[in-house]
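Below is one structure; the comments refer to it alone.
Residue numbers (the working numbering): 936 to 1238.
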């Protein structure tokens, strides 16, 4: 009997152990289900790939507007059509001569360029100061940038598209640069061997040296000089008697006007200003003078 009881207890113990193992094996199944979290990680890794592409796309796109902006800013420039397309009246030309005659006289005395040539070129190239290039860039002589220019500039279609032209802060700078431009280049050296009152030879020499490509450039300069008696200014600087080339010029004798005073030996800006109850600064402003240099025979505006 005792043996039967022991046998039954043994069977029960074995049965209980088997059930605990089965439950532990069942509980391990959720552990394998947790491995599905690794599958969830895979799409997370995929989402990071397009995220890295987005900054690249935005950065490359941001450079395009900046390049376009620079292209647009370069296109906003003034044009130069003063020589052939700007219409001017006689009064406008006379006013231009009156305004810049003093500078032309000073440049002739200092650099040896005929004042008549300086004024004629200024009138022709700038449209008597009304052309777009002279109005916006103060460039009265159509001088291009060239390699040695480090100042401001504007773009204009001339012999080629969008050529570079010099820009000045004041017209007087353009006049001074014109003189330096001619005296500082070897191709114009032959001009300074000509007589200072031979404006015809100077006009032809400028064309021959390559200042302008227009075949009629010399004739245009000569026509302006003779119609407006610009060679009278040359005679004043040289101290010679003026002999008119044409019998009926457009402009009357400028030196005879009561609005002007002709500089004599010993005159200074100070002495002239006192004589006409002006200040030196007023006298310089009336004549667009940058310094106190005067030449005998020079006409100064006093009113």
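Ideal Cβ positions, reconstructed from N, Cα and C, are used throughout, including at glycine.
Range of the contiguous alpha helix (DSSP H) that encloses residue i
i            : result
residue 1026 : 1025-1046
residue 1152 : 1152-1162
residue 1060 : 1050-1061
residue 1166 : 1166-1173
residue 1112 : 1106-1118
residue 1140 : 1134-1143
residue 1072 : 1067-1072
residue 1128 : Run containing residue 1128: none; DSSP gives neither H nor E here.
residue 1215 : 1215-1221
residue 1208 : 1204-1210
Inter-residue Cα distance where the pair is residue i and residue j
i            : j            : result
residue 1056 : residue 1160 : 10 Å
residue 1207 : residue 1114 : 27 Å
residue 1106 : residue 1138 : 22 Å
residue 1040 : residue 1136 : 19 Å
residue 1236 : residue 1167 : 16 Å
residue 1037 : residue 1082 : 31 Å
residue 1205 : residue 1229 : 11 Å
residue 1148 : residue 1071 : 23 Å
residue 1045 : residue 1123 : 17 Å
residue 1153 : residue 1177 : 22 Å
residue 1084 : residue 1090 : 14 Å
residue 1157 : residue 1165 : 10 Å
residue 1233 : residue 1053 : 15 Å
residue 1221 : residue 1034 : 8 Å
residue 1203 : residue 1180 : 32 Å
residue 1145 : residue 1194 : 39 Å
residue 1215 : residue 1196 : 14 Å
residue 1213 : residue 1199 : 18 Å
residue 1173 : residue 1073 : 29 Å
residue 1223 : residue 1042 : 12 Å
residue 971  : residue 945  : Its pLDDT being 45, under 50, residue 971 is placed unreliably by the model, and nothing is read from it.
residue 1025 : residue 1047 : 28 Å
residue 1163 : residue 1068 : 23 Å
residue 1190 : residue 1155 : Here residue 1190 scores only 45 on pLDDT, less than 50, and its place in the model should not be relied on; the value that follows carries that caveat. Rounded to whole angstroms, residue 1190 to residue 1155 spans 24 Å at the Cα level.
residue 948  : residue 941  : 11 Å
residue 1120 : residue 1201 : 34 Å
residue 1175 : residue 1096 : 46 Å
residue 1171 : residue 1118 : 22 Å
Sequence-distant residues of the same chain with beta carbon closer than 8 Å to residue i, five excluded per side
i            : result
residue 1065 : 1017, 1021, 1023 and 1027
residue 1150 : 1142
residue 1078 : 1100, 1101, 1109, 1112, 1113 and 1116
residue 943  : none
Per DSSP, the bridge partner or partners of residue i
i            : result
residue 1101 : 1088
residue 1197 : 1234
residue 1079 : 1100
Segment limits, beta strand (DSSP E) that includes residue i
i            : result
residue 1235 : 1234-1236
Cβ shell of residue i (< 6 Å), same chain only, five flanking positions each side left out
i            : result
residue 1169 : 1049, 1050, 1051 and 1132
residue 1211 : 1237
residue 1218 : 1204 and 1208
residue 1104 : none
residue 1227 : 1204
Proximity test, Cβ basis, 8 Å: residue i and chain D
i            : result
residue 1115 : Included in the structure is just one protein chain, with no chain D present.
Residues near residue i in its chain [Cβ-Cβ closer than 7 Å; skip 5 each side]
i            : result
residue 1076 : 1056, 1057, 1060, 1109 and 1113
residue 1140 : 1125, 1126 and 1129
residue 1088 : 1080, 1099, 1100, 1101 and 1102
residue 1225 : 1107
residue 1086 : 1101 and 1102
residue 1063 : 1023, 1027, 1028 and 1031
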